[in-house]
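Residue numbering for the sequence shown follows UniProt numbering, beginning at 1 and increasing consecutively.
Note that beta-carbon positions come from the ideal geometry of N, C-alpha and C, so glycine has one too.
Please read all numbers here as calculations on a predicted model, not as lab measurements.
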Amino acid sequence: MAFNPWQTRLSNRDRSLRVHLIGIGGAGLSAIASVLLDMSLQVSGSDRQPGAPLQRLAEHGAQIVIGQRAENLTERPLAERPDVVLISSAVDAQNPERRAAEALGIPVVKRNEFLPALLAGRRVIAVAGTHGKTTTTAMTVQALRRGGIECGYIIGSEVPGLGNGAAGTAPEFVIEADEYDHMFLGLHPSIAVITNVEWDHPDCYPTPASFRRAFVQFTDNVDRNGLIVACSDDEGVRRVMAYALSRGPRWITYGLNETADLRARNVRSLPGQGVEADLVWWHAPKGKLELAVPGVHNVRNALAALAVGVSCGVSMDCALEALRSYQGSARRFEWKGEVGGVIVIDDYAHHPTEIEATLHAARRRYPDRRIWAVFQPHTFSRTQRMLYRMGESFDAADRVIVTDIYPAREIDDGSVHARELVAASPHPAIFYIGALEDVVAYLVEHVAPGDVVITLGAGDGYKVGEWLLERLRS
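If you want it as structure tokens, here you go:
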């Protein structure tokens, strides 16, 4: 691949390269910034709101400004202006800071153009799929590092003991391969993981077929002598495999089905919130998988990490030990606290399948408790396209509260309202409370000792749980 000047400098780890990130506090860009700082590059960035990721990056040497203004670039001395500006997918063409960079002649790029240079010369392990990417990526990193492979990584969430990004010293680099805005099509991995392929992001992929085509294209980018690790339990993955199996890379399948190369069977809950299963590898028993995190979905995530770890030379026992100690990541069935017998958990689930998996895991963990689901729909386009499927995803909860839709990068055009989701749901105890503050006030009056409150969504609905705990303490 031919690189332009800034890409060449990045691929050569030129420490004088200045990179500015607009939206540096987001999950994707904050992880990239962590890697760049680990490489001792010159990193600056801006975001609309302060937050813990910005503070952490500043402590590691990044120059951070709050607010996205043209002056963030135009008022810099010429010698201190960035060589390249990396923007998140949420930064639109009218963003004043982006427009200033373009007016100054500074290259403005998204992740799919930036990552090939950042990862040049590395053995890339890309974890793709509609659901489970973050957990599978984190588990894979933990397995490799426990096996002595000091891989680099980019993870879409904070993980205890890992953070969300590091340059690493080994050739291997594990990256959460986000399909949004076609980011993952900029990657050329040696090993690819596909956890599942279920239509999402209708603003990027208008039909399920267009979504599947992107994953087929992703498999085309895998090194011909490489490896694809795929969940054969998933219908979408099987459809992608039907197109891609004859195209070169070796495949390893995993799942709970009897034909999987790496299989879990007899899945059962453990005391606490963990789960265990018996392992079968190429039809031979291989001991027991034990996890401290709940749910069948996490068993599948762990199988993917196990397959990658063993394929990279980590012993099965070492990889299993690493997975046994995995404690989860931020916003993935994250325990927020317990006050007065009321437990609060937060989860990033915002797609119907993710919501179902999270709530069913909660039901298995708390079979005799009343479960409240507080769901903040994420984006108008997803809510409109998946309205009825979303409405059917709450069956494992006893009470469901739906808040106003979190717009993210979208503008409310009046095409859909959260009340329509409530109306479309068959759940007998679902209702609408728009503002997060009003949800907290309602819960304070109605929760009781023994209840479990789970906040769901990819926006800022997690604040409900934090505020609720504060109110209950007082």
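Under three-state DSSP, which class holds K336? strand
Of the listed residues G287, K336, R332 and Y205, nearest to S315 (C-alpha basis): G287
For K286, which of helix, strand or coil comes out of DSSP? Of the three classes helix, strand and coil, the one that applies to K286 here is strand, per DSSP.
Beta-carbon proximity check, L73 vs A100, cutoff 8 angstroms: yes
Evaluate T259 with the Cβ neighbour count: other Cβ atoms within 10 Å of its Cβ, from every protein chain shown; 16 or more gives buried, anything less gives exposed. Counting Cβ neighbours within 10 Å, T259 comes out exposed, since fewer than 16 surround it.
On the DSSP letters alone, give me the boundaries of the beta strand (DSSP E) that Q63 sits inside. Q63 to I66
On the DSSP letters alone, give me the boundaries of the beta strand (DSSP E) that S210 sits inside. Unbroken run through S210 is the alpha helix (DSSP H), P208 to D220; no beta strand (DSSP E).
Do the region 175-186 and the region 328-342 meet, that is, are 3 or more Cβ pairs less than 8 angstroms apart? no
Under 8 angstroms between the Cβ atoms of W6 and D83? yes
Own chain, CB closer than 6 angstroms to S381, minus 5 neighbours either side, in chain order: Within the same chain, Cβ atoms closer than 6 angstroms to the Cβ of S381 are found at P202 and D203, the five residues on either side in sequence being excluded.
Thinking just about the alpha-carbon of each residue, which of E75, A117, L291 and H131 is nearest to the one in R9? A117
Under the rule that 16 or more other beta-carbon atoms within 10 Å means buried, what is F431, buried or exposed? exposed
Enclosing alpha helix (DSSP H) for D317 [first to last residue]: M316 to R324
Leaving aside the five residues before and after L469 along the sequence, list all residues of the same chain whose C-beta is less than 7 angstroms from its C-beta, in chain order. Residues of the same chain with a CB within less than 7 angstroms of the CB of L469, apart from the 5 flanking positions on each side, are K336, G337, V339 and V344 in chain order.
Is DSSP giving D347 helix, strand or coil here? strand
Taking 8 angstroms as the cut-off, decide whether the C-beta atoms of N196 and G295 are in contact. no
Exposed unless 16 or more other CB atoms sit within 10 angstroms - verdict on E437: exposed
On the three-state DSSP scale, how would you describe H360? helix
Find the nearest neighbour of E97 within the set R76, F114 and R111, judged by alpha-carbon distance. With distances taken between Cα atoms, E97 lies closest to R76.
In or out: residue 475 buried (at least 16 other Cβ within 10 Å) or exposed? Lying outside 1 to 474, the shown extent of the chain, residue 475 is not represented and no answer is given.
Beta-carbon proximity check, V43 vs A27, cutoff 8 angstroms: no
Three-state class that DSSP yields for V400 in the structure shown: strand
Put R300 into one of helix, strand or coil per three-state DSSP. Here R300 sits in helix by DSSP.
Report buried or exposed for N12, applying the criterion of at least 16 other Cβ atoms within 10 angstroms of its Cβ. exposed
Residue span of the alpha helix (DSSP H) that contains F380, given as start and end: Here the alpha helix (DSSP H) through F380 covers F380 to R385.
I believe C318 touches E172 by the beta-carbon criterion, under 8 angstroms. Please report the beta-carbon distance rounded to the nearest angstrom. About 15 angstroms separates the CB atoms of C318 and E172; that is not less than 8 angstroms, and the two are not in contact.
Among H446, R265, L443 and L291, whose alpha-carbon lies nearest the alpha-carbon of H283? The shortest Cα separation from H283 among H446, R265, L443 and L291 belongs to R265.
Which whole-angstrom value is the C-beta distance of G156 and E179, which I expect to be below 8 angstroms? Contact flag wrong, Cβ pair sits at about 12 angstroms.
Give every residue of the same chain whose Cβ lies closer than 8 angstroms to the Cβ of G434, excluding the five residues on either side of it in the sequence, and list them in chain order. Spatial neighbours of G434 in its own chain (CB-CB distance under 8 angstroms, excluding positions within 5 residues in sequence) are listed in chain order as T403, D404 and A418.
Suppose contacts are defined by Cβ-Cβ distances below 8 angstroms. Is A361 in contact with F333 by that definition? Result yes, Cβ atoms of A361 and F333 sit closer than 8 angstroms.
One or two residues paired with A277 in a DSSP bridge: The partner list for A277 (beta bridge, DSSP) reads L289.
What residue ranges within the region 407-442 form continuous alpha helix (DSSP H) runs of no fewer than 4 residues, ordered along the chain? Fully enclosed alpha helix (DSSP H) runs of no fewer than 4 residues occupy 418-424 of the region 407-442, in order along the chain.
Simplified DSSP state of residue 480, which is helix, strand or coil: Since the first and last residues shown for the chain are 1 and 474, residue 480 lies out of range.
Beta-bridge pairing of E172 - partner residues as DSSP gives them: R123
Determine the burial state of D460: buried for a count of at least 16 other Cβ atoms within 10 Å of its Cβ, exposed for fewer. exposed
In this structure, what does DSSP give as the bridge partners for C231? Y254
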